[in-house]
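Novice: Quick one: this structure, given as structure tokens, is what I'll be asking you about.
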Amino acid sequence: MLNFENTFQRLIQNPQFLFTFLIGGLLCFVPVLNFFALGYLYRMTKRLRATGSLSLPEWDNLRSLFLDGIRLLIVFLIYAFLPMTLGFIIASTLFPGLNYNSPNFVLAFFRIFSLALFCSALYRFQRSQNFYALLDFKFILKMALILLQSQFIVLVACYGLFFLFLPLYGFAIFAVLLVSLIQTTGYFYQLDIKGKV
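In terms of my numbering, the sequence shown opens at residue 315 and continues consecutively.
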């Protein structure tokens, strides 16, 4: 299976990494411009899904980047934002006085599970780029459970990475999505080759 250390090392040793991280992180601070950063992540994972090899694309064809950013955001809203919001409602019912940024086991679980759901849904969506693929809740949930079982430590590390960069939320968002999407897309690609996804 995909080794997280090797993947992470290849990522940070890529000559384009620092530039990509700075541009993507800065764009994530600005509403509407953040669609370009999300589009970049979408393009990167789509290429990884197609070829199985990690390469950082160029920041070109801005119209396409913007549209891809909207696609990624739609998947995120359905498969990450809604489950995280549901998790917050459940956690705040169980623990009154809880706010959205409180450290809490129940909230942490829902956030990590939401990240797995989102990565699974995006991989499924990129197969056809048809939004009807997002309606296959049962299959996406199955993918997320497989992902949690195999890549749980990586997802927890991504969750921790978010809090490490949190004061600089643009970099926090971009870093978590960059690392988690690379690792999970590579993982699903290997399962795809074996005919398991």
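Backbone N, C-alpha and C define an ideal beta-carbon position, used for all residues, glycine too.
Return helix, strand or coil for valine 346, following the three-state DSSP convention.
Specialist: Your numbering for residue 346 matches position 32 in the sequence shown. Coil, per DSSP.
Novice: Have a look at phenylalanine 350 and tyrosine 503 and give me their C-alpha separation to the nearest angstrom.
Specialist: Along the sequence shown, one-based indexing puts residue 350 at 36. Along the sequence shown, one-based indexing puts residue 503 at 189. In a straight line, the C-alpha of phenylalanine 350 is about 25 angstroms away from that of tyrosine 503.
Novice: Check whether the Cβ atoms of glycine 401 and valine 420 lie closer than 8 angstroms to each other.
Specialist: Position 87 of the sequence shown holds residue 401. Position 106 of the sequence shown holds residue 420. Result yes, Cβ atoms of glycine 401 and valine 420 sit closer than 8 angstroms.
Novice: In whole angstroms, what separates the C-alpha of leucine 408 from that of threonine 399?
Specialist: The residue given as residue 408 occupies position 94 in the sequence shown. The residue given as residue 399 occupies position 85 in the sequence shown. Computed Cα separation, rounded: 14 angstroms.
Novice: Go ahead and label arginine 438 buried or exposed: buried means 16 or more other beta carbons lie within 10 angstroms of its beta carbon, across all protein chains shown.
Specialist: The residue labelled residue 438 in the question sits at position 124 within the sequence shown. So arginine 438 counts as buried.
Novice: Closest by CA to threonine 498, which one among Asn348, Trp373, Leu355 and Asn328?
Specialist: Here residue 498 refers to the residue found at position 184 when the sequence shown is read from its first residue. When only C-alpha atoms are compared, the closest one is Leu355.
Novice: Starting from the N-terminal side, write out each stretch of the alpha helix (DSSP H) that is 4 residues or longer and does not extend beyond the region 363 to 448.
Specialist: Whole alpha helix (DSSP H) segments, 4+ residues: 376 to 390, 396 to 408 and 419 to 442.
Novice: Among the candidates Ser367, Leu462, Leu459 and Val346, whose CA atom is the shortest distance from the CA of leucine 376?
Specialist: Within the sequence shown, numbered from 1, the residue matching residue 376 stands at position 62. Ranking the options by Cα distance to leucine 376, first place goes to Val346.
Novice: Compute the distance between the beta-carbons of leucine 370 and glycine 484, then report whether it is under 8 angstroms.
Specialist: Mapped onto the sequence shown, residue 370 falls at position 56. Mapped onto the sequence shown, residue 484 falls at position 170. Result no, Cβ atoms of leucine 370 and glycine 484 do not sit closer than 8 angstroms.
Novice: What does the alpha-carbon distance come out to for the pair isoleucine 487 and phenylalanine 476?
Specialist: If you number the sequence shown from 1, residue 487 lands on position 173. If you number the sequence shown from 1, residue 476 lands on position 162. Taking the straight line from one Cα to the other gives about 7 angstroms.
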